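Each remark here refers to the structure printed beneath this line.
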Amino acid sequence: MNGMLLRTFARLDKLAWDMDARTVDVTVTSARKQDLTLIARHGIEALSASPGALVSKPESGKSACDLHLEEGKPVKVHLKLGRHSPLDWVNWVNS
20 MNGMLLRTFA RLDKLAWDMD ARTVDVTVTS ARKQDLTLIA RHGIEALSAS
70 PGALVSKPES GKSACDLHLE EGKPVKVHLK LGRHSPLDWV NWVNS
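Under the numbering used here, the first residue of the sequence shown is numbered 20, with each subsequent residue one higher.
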């Protein structure tokens, strides 16, 4: 088995980023059918995901998006990060 187990009963298969380009690529495989919220502290400028994985397309600049994961089916997500200060995320969580 490769990857890192997450506390959401999913496995992080791939995590790659390029902060100069402000991009992140993630592949997650869930051990059960579930919905989860992906949070990007810098904000999300654009996002693409495997077919059927996005619950709804996030608005540009928002810090979170909801994903639908099927049991055992890898989901690939590509993020283009925004330019928020990471401390903006702390204020968002505390509000």
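Positions of the beta carbon are idealized from the N, C-alpha and C atoms, including for glycine. Small disclaimer: the values here were computed from a predicted structure and weren't measured.
Buried or exposed for residue i, please, with buried defined as at least 16 other CB atoms from any protein chain shown within 10 angstroms of its CB.
i, result
"proline 77", "buried"
"alanine 40", "exposed"
"leucine 100", "buried"
"serine 67", "exposed"
"leucine 86", "buried"
Output the boundary residues of the beta strand (DSSP E) element that contains residue i.
i, result
"alanine 59", "Careful: alanine 59 lies outside any beta strand (DSSP E) and carries neither H nor E."
"arginine 30", "29 to 37"
DSSP beta-bridge partners for residue i?
i, result
"leucine 98", "Val43 and Leu66"
"serine 82", "Bridge partners of serine 82: none, in fact."
"serine 49", "Ala29 and Glu90"
- Taking three-plus beta-carbon pairs below 8 Å as touching, is the region 22 to 39 in contact with the region 62 to 76? Because the criterion of three Cβ pairs below 8 Å is not met, the region 22 to 39 and the region 62 to 76 do not touch.
- [ ] Pair every Cβ in the region 42 to 49 with every Cβ in the region 82 to 95, then say whether three or more of these pairs are closer than 8 Å.
- [x] yes
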